[in-house]
Amino acid sequence: MSSAGAGIASYAAPLSPLRERDTTALADLFEREDLDEIEADVSIHLHWLWPEPCWEEEPLDFFLEESF
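Numbering (my numbering), first residue to last: 71 to 138.
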């Protein structure tokens, strides 16, 4: 049997299903009073990581280079 025709049924089952305590812990994690503050903090830190645009560089200049 080829892997291309196997379909989604060929994937392995989860090693361990989610239990009631797992879903409760996940719900508690996302039902916090300070979730908006956490979201704002993450957004600020991600904004700091955003790269600056390189206006001086031409994106296709590497085609003009003769490096071979």
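Note that CB positions come from ideal geometry on N, CA and C, so glycine has one too.
Tell me which same chain residues have a C-beta within less than 6 angstroms of the C-beta of residue i, skipping the five on either side of it?
i, result
"S113", "none"
"L96", "none"
"R91", "none"
For residue i and residue j, I'd like the C-alpha separation in whole angstroms.
i, j, result
"E127", "W120", "18 angstroms"
"W118", "D111", "11 angstroms"
"E135", "H115", "37 angstroms"
Mapping DSSP to helix, strand and coil, what is residue i?
i, result
"A82", "coil"
"W118", "helix"
"L105", "helix"
Which residues in the same chain have their Cβ closer than 8 angstroms to the Cβ of residue i, if we skip the five residues on either side of it in sequence?
i, result
"I108", "R102"
So, is the C-beta of residue i closer than 8 angstroms to a C-beta in chain C?
i, result
"A97", "Although the question refers to chain C, the structure presented lacks it and comprises just one protein chain."
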